[in-house]
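Have a look at the structure below before the remarks.
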Amino acid sequence: MPCPFFQPVLVAREPEHPGARLPLIEEYEGVCRADSNSMPSAKEDRFRCNHGYSRSVCAHFPLSDPRSAHRFHVLKIEDGAIQILWVEERNYAPAKWESVQYSIATGSLTPKPADQCLEAQIIAFCCSYYRRFLT
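Numbering-wise (numbering that gives the first Met the number 0), the sequence shown opens with residue 0 and increments by one.
And the structure:
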């Protein structure tokens, strides 16, 4: 359940928690989009970014935002695509969800989420899922 303000960019070269069960499957480095001054997520913040539920422990998390985290579930894999159900949690409860399809060939999502962090998280999850379970 990564932080809703975390935009994963690449798999961490030196993961802090190798072998851990992580929401995006692999540990990612990325960008914090919690305010208008986007910044790379610091190595010491990486755990909170990758795990979410950071409202009370991250100085960057906007307390007025009700979002807690995102969850991702694989619904099916067929015809070169991974169908994902994403769930947005607000105040630690499911509040919004949608099914999207990830094309393994193109790396694109249909429909494309409006939120750039959510889009990057779904793509990161699908890439990690593909590497871990389908190759």
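We put the CB at the ideal spot given by N, CA and C, even for glycine.
Q) Counting along the chain, where does the alpha helix (DSSP H) carrying residue 45 start and finish? A) 45–50
(Q) Run through the DSSP bridge pairs and tell me what residue 69 is partnered with. (A) According to DSSP, residue pairing for residue 69 in a beta bridge involves 87.
Q: Please confirm if the stretch 71–78 is in contact with the stretch 42–62, defined as three or more CB-CB distances below 8 Å between the two stretches.
A: Judged by Cβ distances under 8 Å, the stretch 71–78 makes no contact with the stretch 42–62, as fewer than three pairs qualify.
Q | Selected residue, minimal CA-CA separation from residue 111, among 100, 129 and 13 | A | 100
Q. Looking at residue 25 and residue 15, is the spacing between their C-beta atoms short of 8 Å?
A. no
Q | residue 132 - DSSP class collapsed to helix/strand/coil | A | Here residue 132 sits in helix by DSSP.
Q: Can you give me the Cβ contacts of residue 37 inside the same chain, cut-off strictly under 6 Å, excluding the 5 residues immediately before and after it?
A: 30
Q: Just grab the DSSP bridge partners of residue 99 for me.
A: 83
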